[in-house]
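Before any comments, here is the structure.
Residue numbers (the numbering used here): 1311 to 1534.
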């Protein structure tokens, strides 16, 4: 199963009655995209999918790794490939922090029920598409910007999930060249904190970054 999360507040908006957090779930067996604005539904569905033996590709629309340069004058510089959406700009830093916060809550919520059923990984080259009998939980970074971005958070999540799905057998060609000097992995640190992994190497591992070129144009339905 392929999931993408548009990181945002989980509190309901006064105007819309919905949170700005959004998730999309793609079931490759029927090309269906389901969406929801509720993070609790995300965790419930993830638990269900993992319980049924599914591998999961879980994307976050937030910086999942940042650079720690050697030179002081390079502190705060964008990652190569960030373009005009630097992780260190006010909006980028805000969503990075919220991404840590929400991904930690998600992985901790999954740990007790799901960590024995699948393995956590950031290594998309070795583990996606899944090749072995043991299910995996792969975390990756979605970078929805420019022409691909819409005014609807649910649409942005659907755009990321659909793009991953359409390119999952050729991720090497679809990945965005985003690099960080001596990266510290935010999601790897979260995986350590939540108990999913114990190896310190995860705090140094960057993630797959994909950047859709156009918005999702298909149909989606609410996640039950």
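Note that beta-carbon positions come from the ideal geometry of N, C-alpha and C, so glycine has one too.
Check	Outcome
If we ignore side chains and look at the alpha-carbon of each, how far apart do residue 1392 and residue 1400 end up?	14 Å
Who does residue 1343 pair with in a DSSP beta bridge?	1336
Taking the straight line between their C-alpha atoms, what separation do you get for residue 1360 and residue 1510?	25 Å
Near residue 1410, what residues of its chain come up, given a Cβ to Cβ distance below 7 Å and the 5 sequence neighbours on each side ignored?	1496 and 1500
Below 8 Å between beta carbons: does that hold for residue 1452 and residue 1335?	no
Taking just the CA atoms, how far does residue 1381 sit from residue 1315?	34 Å
From the DSSP output, read off the bridge partner residues of residue 1451.	1370 and 1519
By how many angstroms is the C-alpha of residue 1379 removed from the C-alpha of residue 1342?	42 Å
Name the DSSP bridge partner or partners of residue 1390?	1489
Quick test of your reading: residue 1332 and residue 1347, contact by CB under 8 Å. State the CB separation rounded to the nearest angstrom.	6 Å
Within a Cβ cutoff of 7 Å, which residues of the same chain sit near residue 1345, ignoring the five residues on either side of it in sequence?	1332, 1333, 1334, 1464, 1467, 1468, 1530, 1532 and 1533
Please report the straight-line C-alpha distance between residue 1440 and residue 1324, rounded to a whole angstrom.	42 Å
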